[in-house]
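Engineer: Be aware that the sequence shown starts at 5, since it is given in this note's numbering, and climbs by one per residue. For glycine and all other residues, C-beta sits at the position ideal for the given N, C-alpha and C. Since the model is a prediction, treat every value here as computed from it, not as a measurement.
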Amino acid sequence: MGLLGVRRGAFLWRIALICLSIWGADSQTAAGTKPTYIWQTGPWGRCMGSDCGPGGSQSRAVWCAHSEGWTTLHTNCDQSKRPDNQQSCFRVCDWHKELYDWQLGAWNQCLPVSMRNAGVQRPVVCTRGEEGIQTREVGCVLKADGEPAEDAICEYFEPKPRLEQACLIPCPRDCVVSEFSPWTQCSKTCGMGLQNRIRFVLAPPLFGGSACPNLTEFHTCQPGNCEGEESLYSLRVGPWGLCSIPVSRQARQADRPPREEGKESEKPSKEGDKPSKEGDKPSKEGDKQSKEGDKPSRESEKTSKGGDKPSREGDKPSREGDKPSREGDKPSKEGDKPSREGVKVTEEGEKPSREGDRPRKDGEKRSKDADKLSKDGSKPSRPNRKLGRANRKPDRPSRQADRPKRQKKAKNKEKKEKIREKVRERLRERGKAKDPETRELIKKKRTKNRQNRPGGKFWDLTVGYQTREVSCVHKSGNVEALSLCSQDSLPITFQACVMTKDCDITEWSDWSACSKECYDPNGPKGDRTRSRKVSQFPIDGGADCPELLEKESCSAGEEVPPCIVYSWKSTEWTECRVDVLLSQQDRRRGNQTGLCGGGLQTREVYCVQTSSETPPNLAAIRSKEALRPMDNALCVGIPPDTTQLCHISCPLDCEVSAWSAWGPCTFENCQDQAAKKGEFVERQLCRDAILPMPALCEVPCPKDCALSPWSSWTLCSNTCSGKNTEGKQTRARSILAYNAGEGGVQCPNISALQEVRGCNDHPCTVYHWQTGAWGQCIEDASIPASNASSGRTRGDDASCSVGMQTRKVICVRVNVGQVPPKKCPESLRPNTVRPCLLPCRRDCIVTPYSDWSACPATCRTGGNIKKKQFRKRIVIQTPANGGQDCPEVLNQERECEAPSVCQGYRWKIHKWRRCQLVPWSVRQDSVGALETCGPGLQIRAVSCRKQDGGQADVEACLQFSSSMPPLTQLCQLPCEETCQLSLWSKFSSCSVDCVGVRTRKRTLVGKSKKRDQCKNNQVFPLSETQYCPCNKYNAQPVGNWSDCVLPDGGRLEGSLGMKVQGDIKECGQGYRFQAMVCYDQDNRIVETSRCNSHGYIEEACIIPCPSDCKLSEWSNWSRCSKSCGSGVKVRSKWLREKPYNGGRPCPKLDHVNQVYEVVPCLSDCGQYVWRSEPWSVWKVSNVDLKENCGEGVQTRKVRCMLNTIDGPSEQVEDYLCDPEEMPLGARNSRLPCPEDCVLSDWGVWTPCPLPCGGNSSRERMAPPLRQPGDGKTCPPSEETEICKLNTNCFHYSYNITDWSTCQLSERAVCGNGIKTRMLDCVRSDRKSVDLKFCKELGLDRKWQMNASCVVECPVNCQLSDWSTWSECTHTCGLSGKLWRRRTVTQTPQGDGRPCPPQMKQWKPCLVKPCYSWSYEAWSDCKSEGARCGDGLRFRNVSCFVSDGSGQEDSSRVEEELCSDLEPSVEGDPNIVLQEPCTVPCPGECYLTDWNRWSPCQLSCVGGDDLGFGSVQVRSRAVVAQDPENLLQCPEQELEARPCTEGQCFEYKWRTGPWRAASRLVWCQRSDGLNVTGGCPMTTEPISDRSCSPPCTKPRSLCTEAGVCGCEDGYTEVMTSDGVLDQCTVIPVLEIPTAGDNRADVKTIRGFNPTLPEAGSPGRGGRTWFLQPFGPDGKMKTWVYGVAAGAFVLLVFIISMTYLACKKPKKPQRRQMNNRLKPLTLAYDGDADM
């Protein structure tokens, strides 16, 4: 069977393999039959459609493709899987942009890049942070409802916002803690205790950093063994519970079982034995026992409604209201039953008793006065007090046994009540005597008082009680029985309290009328308000009241009158003034009458009321009101400019050209022989005229003398003829060839070769009339007024009448001066008088006075400042032409009227009411409950008053006054044996400091005066005496010197001695101030008056005046750079003084500190011409004396002459003429012999035809003067040459120059000018020639040669006047400053003086002490009556003084100095003087108080903020007292919060010196604080350098490198593998000192270098240790240095030896050069060099 089973299993295994193979084959076949053809799609096309919106459609291409990529027929693909080629879409239109928009989601958490990319590795060490990526969701939505839409809609208008962005993951920040505090004292005085030391958190763990370590360390301590048994139990009090309302008596009785009620009937009631408290409301009838004592009266269940009804018993309160009733100590059955709603408190007179107005009902029902307390709290009546004393017996007798006594007391009570009733009757009678008005006023006042007092409509004070638990706690923390805690008396477990109530308010009132009572659609809107009242103020920490006033903007409708509109108005522009633009050194200031060009105009701008529709009868008043200046703050918008540039036209003098040449002298007839210039006419017109006669001339024969033609006549030597002067003209000719002996005409002598004739024979003018300038136009007294008025002109002419002008006319002789008038012809005398038009008179016009300025607010503190108000009027038209002058007074001031009391509100506090104890039902089981004494609660009323004492709503004080004073306070009712004393009075004033005394007193109060134990002055002193303080004060300066401030009185005059409008001349001597501070003997700051100081040190100072750049005057214009054509001429200024102190800057200067002005100029090409004299006589070199002919030389003078209209006039320098055109001054030629042909000089060349080029030519001629003799011929008389371009033939064209600089008039500073350019005629060789060459060619001249231009006017910076000094920046302290400012009214333009940098000035305020209320330190936590548990700690608020700098601690001073301050500490009006705390029980483990918030710290790297914000932290540490309770300790706590203005801290490792094999390593913050945490652990230095293997060899130690070395004085001997083998001593070289007797002996001795030699006491000297090897066995560095020095020394010795032994060469003698060398000077650019 086994074999068969094996075979069967093998068979089954084969079948399984076959099936598996078949399945594999099928799978391969399925894989192989994958479809070859697939559908492919293209992108969707654009959405198309006729309508906008979702009705569109879009299509795409769909095709069938083979898996290899080529396209095939659609039939090859599966038709059932064919994708859609069309789909509906949303057709986007432009108006969809308003409907759809991208919705951006919030960025997700920053994730590291390494998490998204597998190949990116996270950094090992984090420095600034790790790079990350954060994503967000972005989608297209419909704006209306946020419904998602297709992204394509929004992408149509705007690309899709990015979905990812890079971010930075900050490095983890570990928790940083401070150093440990010192160890605390042992928690126990004996036995085993604990000592603690704690530290606090400086920086919380951030970004995944390490958590904070333990903030507390413990170790046990045992001061000593305990003598007795250790106290294991402690009495602990718990926290006070919630304030509760006492349960009514009915409720207490209903809760008691019947069995207990039976017992209650058998024993006296506890409530009956307990005296009544104020809250139980004792009756005025002495709590008389009622038959229905078990039933509370109806009135006792009602809630007090004090203040709602006035008293019917008269205006005076009852006697019980004036003093506490003595019946309050008597137990009352009704008084034991508090009302259901708690104990209500009312004030006196708010709801007086009505007992006098109605009969009593058998004395059984309590009156309403028995349920309610009078205003100031009634004390129990005297019978009750006695009854209370009787009831203090410990056996507490039954109520039935005490009934006779109580009945007797009730009768006495009735008698007293009758007496009181009579008194009330008398008071009512007195009240009736008052008049009704007085009674009504009293009634209203009392009603108002009742509303503001507790129990009224604002406060509903419900007095309740609160309890706490007292337990006995074992040191292990377990609560045990109270009997185990050994304590004489248990702590109080109840106290009075006030029920907490939230604020309750009324509904909103109606909206008030709009504050804007006029219609102005474009102006600012008004406001309207609504308010709500407080019906219940918060009590005892209840919810605060919300806002009581609400405001919103509003605007009036069109039915209201339009608003008054204010607009800017300006005065007339002043006259244009040029002098304000002149520079400081401009000499034209001396004569400003002729200035012209650019100037400046100013005007004043003020605010006026815009006139609106006004009735005709009020038009005159309205027009005057429209001119009245108003406050500039009423005008909105930018005010008009107050300055503008202007232009004064410069006078243009008449310019004429030079005289033309004289024409020919012609005579029209014999009578009129005036010369006239002729002109060419047609020839036929002269047919009747006599033809000129032909002139005779001689032609020389061949043998005659040949003379040249006469030269032209020279210019006339004088322009006129007189006695001593006569005009002459000359001409000359020369001999060209001599005659031939006797046969010809001889040559004339030399005198005959020159002729002279007279010219300009008209007499010279000697006398002529000279006129002066026309004077001012004045009235003509000879013309009647009627005629003068008729001369007025119409139109825009401002003339009103005709006047006259005169001028001076004198007779002048040439070159002599004025002569008598008879010398000049009277007929030619000019007029001396002419009529003129007088301008109209213009009177001064001023505006009406503005309204008086508002008086300063009297509420402002700051001393006795003079309160004045001002008003002004403005000149809107200046007088001119003799008009009425302006009034002298334009500003008025007056003292303000008597100031009214500032409106303000203050709280008025009323007297504290009687101290109320806890209800009897609560304290009945406590020890001492029989005595009405102990802690209680006092209540008082507050009301709101105005500053003048008038009544005001409480809401006004809530809004404008300080916080509400407390309404309740804890109090203490003294017990029988308690001594009561009044408060200490103030110390008496000191008459003499240092030696006097001052006292204060107090007195015994009440029955304490009669108790002997209270009269013990040792225990209860009634007076105190102390020496008067010895006040010594010293003053010292504080702070920096202020700015230099000029004294008041306007701007100072300039340096030129004259005040120039517009100049900033605020300079000269001023004063600077430094504040003085006064300290007392305790170095506390006091008022400066204590030091007899004015508060300042004043010192003279100088504000330097600005000095402008000073340049020299312009130099003369240079000559034109070209003598022909256009050139330039230059003039310059050089720097005389640089600007300083903000003066006007210099123009751009060159390297030699000069500024140039270059203008184009045009020189007439014919201005300078060459003129040559006739040729001289031949100087024959090869003289044929017989023939007087032959080769010779002729010379002549050639001069450069100034050419004028009349011809060349004077000789000038030769360089002014063109050197290329200079004629020859000498020539070599042959003097013709007799009978030779004589030719004249060659004539000028004929002009070449234009254009040049081709075969053109030019020629010249020399006609013969003497024909040759027989057999002789004349040389050629004509010459011809080819015309070549730029050689003898030229082309001509115009050339235009650049524009010149803007040229102003001679007396203009800036403004309009003219710029010019020149036109040249230029030859083709670029040479400038006379314009006539271009004019003759008729070339086109299309250019404009002149154009207008403007030179920017240099406008100086102009500033407003200094503002008044501001308020002090600090109300007290050392750093207060007063500021004043000024603004720029005119910005500088051009080269004007720049604005000064100082636009504001400061000076110190008077130093005042900074008084403030500050907290003193908290007292120790105390749990009253118990050893531990919940308690209270207290602190006081005292007056402190400081200097306001915050650098020094405040000092405590008398509280009177802070009496004027609001009761607030550091701005918080809620002063907290006590707070709950916990006193730990012995052995208890607890948390410390929160430490202060740490400094605000940023996340920084290398001082750079990483932008993750700042944080600050605080912590609480654990403190343990018993080792057994460590497991019960709570966890330490940590709080962090964001903050602002953080600072960067860096953390670095610090190390101490090595101590053996260890050293101290710690982390230090950049501010020097040692911390734990913060420093990177990867860079922590090692603190332990122990060697492995350890150093066991003698004298060996572990070095810093971690290897074994030797001690000082020993050297290492290493093995071959670098291990220390042994330490050997180093030989020591001793250098003996001067006192050593063996100084001549050098000893080398080895000894222990670390110990002194015992056998040589007193041996002094230095010991050197030569240790060439280091601790690691390597050679030390100094060994290499010594070796190198020895090598250098050896080389030096060898070199010196070689040089000393070398044979010297003979010196070569050379001659000294006696010539002096040239002196070279270095020029440093100084002009003085």
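Any idea which residues DSSP pairs Leu210 with across the strands?
Structural biologist: According to DSSP, which records beta bridges pairwise, Leu210 is partnered with Arg177.
Engineer: Three Cβ pairs or more, each shorter than 8 Å: is that satisfied between the segment 810 to 823 and the segment 757 to 767?
Structural biologist: At 8 Å Cβ cutoff, the stretches do not touch.
Engineer: Since Gln873 and Cys890 are thought to touch, with beta carbons under 8 Å apart, how far apart are those beta carbons, to the nearest angstrom?
Structural biologist: About 23 Å; that fails the 8 Å criterion.
Engineer: Measure the CB-CB distance between Val1469 and Val1445 and report whether it falls below 8 Å.
Structural biologist: No, these two residues do not count as a Cβ contact at 8 Å.
Engineer: Using DSSP bridges, identify the partner residues of Arg838.
Structural biologist: Arg838 is bridged to Gln809.
Engineer: In this structure, what does DSSP give as the bridge partners for Lys1295?
Structural biologist: Looking at the sequence provided, one finds His at residue 1295 rather than Lys. His1295 is not bridged to any residue.
Engineer: Expressed to the nearest angstrom, what Euclidean distance is found between the alpha-carbon atoms of Leu210 and Cys1543?
Structural biologist: Rounded to whole angstroms, Leu210 to Cys1543 spans 15 Å at the Cα level.
Engineer: Between Pro1392 and the rest of its own chain, which residues show a CB-CB distance below 7 Å, the 5 nearest in sequence each way excluded?
Structural biologist: Same-chain partners within the cutoff: Val1359, Asn1360, Cys1361, Pro1398, Cys1399.
Engineer: From the DSSP output, read off the bridge partner residues of Gln613.
Structural biologist: Per DSSP, Tyr570.
Engineer: Once the 5 residues before and after Ala710 are set aside, which same chain residues still bring their CB inside 6 Å of it?
Structural biologist: Around Ala710: Pro704, Leu740, Ala741, Val1242, Leu1269, Arg1270.
Engineer: Going by beta carbon distance, what residues of the same chain come within less than 6 Å of Leu1461, once the five residues before and after it are set aside?
Structural biologist: These residues qualify, in order along the chain: Tyr1415, Cys1443.
Engineer: Under the three-state reduction of DSSP, which class applies to Trp924: helix, strand or coil?
Structural biologist: The answer is helix: DSSP assigns Trp924 an H, G or I state.
Engineer: Hey, Gln1744 and Ala500: beta-carbon distance below 8 Å or not?
Structural biologist: Nothing can be reported for residue 1744, as the shown portion of the chain is limited to 5 through 1733.
Engineer: Below 8 Å on the Cβ atoms is my guess for Glu141 versus Phe184; work out the distance and round it to an integer in Å.
Structural biologist: The Cβ separation is near 51 Å, so there is no contact.
Engineer: Starting from Leu1050, trace the beta strand (DSSP E) in both directions and tell me its first and last residue.
Structural biologist: Run containing Leu1050: none; DSSP gives neither H nor E here.
Engineer: Using a 10 Å radius around the Cβ and a threshold of 16 neighbouring Cβ atoms, would you call Ala207 buried or exposed?
Structural biologist: The residue is buried, with at least 16 neighbouring Cβ atoms inside 10 Å.
Engineer: Is the shortest distance between the beta-carbon of Leu1564 and the beta-carbons of chain D less than 8 Å?
Structural biologist: Given the protein chain composition of this structure (a single chain), no chain D is represented.
Engineer: What number of angstroms, rounded off, separates the C-alpha of Arg1569 from the C-alpha of Gly242?
Structural biologist: Looking at the two C-alpha atoms, the distance is approximately 44 Å.
Engineer: Is the beta carbon of Val612 sitting closer than 8 Å to the one on Ser574?
Structural biologist: No, the Cβ-Cβ distance between Val612 and Ser574 is not below 8 Å.
Engineer: Let me check understanding here. Comparing Cα to Cα, which of Gly1506, Trp1566, Glu1488, Gly1513 lies closest to Pro1534?
Structural biologist: Nearest option by C-alpha distance: Glu1488.
Engineer: Would you call the segment 557 to 566 and the segment 507 to 523 touching, i.e. three or more CB-CB distances under 8 Å?
Structural biologist: Verdict: yes, contact present.
Engineer: Whole-angstrom Cβ separation of Gly1043 and Pro1408, contact assumed at under 8 Å?
Structural biologist: Correct: roughly 6 Å between the Cβ atoms.
Engineer: Could you check which residue in Glu556, Gln491, Glu473 has the C-alpha nearest to that of Asp514?
Structural biologist: When only C-alpha atoms are compared, the closest one is Glu556.
Engineer: Assuming the contact rule is C-beta atoms closer than 8 Å, Val502 and Val467 should be a hit. Round their C-beta distance to whole Å, please.
Structural biologist: Val502 to Val467, Cβ: 6 Å. Contact.
Engineer: Report the CB separation of Gly150 from Leu172 in whole angstroms; it is logged as a contact under 8 Å.
Structural biologist: That pair is no contact at about 32 Å.
Engineer: Is the distance from the Cβ of Lys1597 to the Cβ of Cys1608 below 8 Å?
Structural biologist: Yes, these two residues count as a Cβ contact at 8 Å.
Engineer: Near Lys1276, which residues of its chain fall below 7 Å by C-beta distance, leaving aside the five closest residues on each side in sequence?
Structural biologist: Only Glu1239, Asp1240, Cys1241 meet the Cβ criterion.
Engineer: Where does Lys1346 land, buried or exposed, given buried means 16+ other C-beta within 10 angstroms?
Structural biologist: The residue in question, Lys1346, is exposed, as its Cβ has fewer than 16 Cβ neighbours within 10 Å.
Engineer: Which residues does DSSP list as the beta-bridge partners of Trp1553?
Structural biologist: BP columns for Trp1553 point to Cys1567.
Engineer: Flag this pair as yes or no: are the beta carbons of Cys1128 and Asp1222 separated by less than 8 Å?
Structural biologist: Yes, Cβ-Cβ distance for Cys1128 and Asp1222 is below 8 Å.
Engineer: Rounded to the nearest angstrom, what separates Glu511 and Gly954 at their Cα positions?
Structural biologist: Roughly 27 Å separates the two Cα atoms.
Engineer: Ordered along the chain, which non-local residues of its own chain (more than five positions away) have a Cβ less than 6 Å from that of Cys1278?
Structural biologist: Once the five neighbours on either side are set aside, the close Cβ partners of Cys1278 are Cys1241, Pro1268, Pro1272.
Engineer: How about Trp106 and Cys158: are their beta carbons less than 8 Å apart?
Structural biologist: Taking 8 Å as the Cβ cut-off, Trp106 and Cys158 qualify as a contacting pair.
Engineer: Cα separation between Ala1605 and Ser1587?
Structural biologist: Their Cα atoms are separated by approximately 12 Å.
Engineer: Tell me the DSSP bridge mates of Gln896?
Structural biologist: For Gln896, which the question treats as bridged, DSSP gives the partners Arg875.
Engineer: Give me the Cα-Cα distance between Lys1331 and Leu1220, rounded to the nearest whole angstrom.
Structural biologist: Distance between the alpha carbons of Lys1331 and Leu1220 is about 15 Å.
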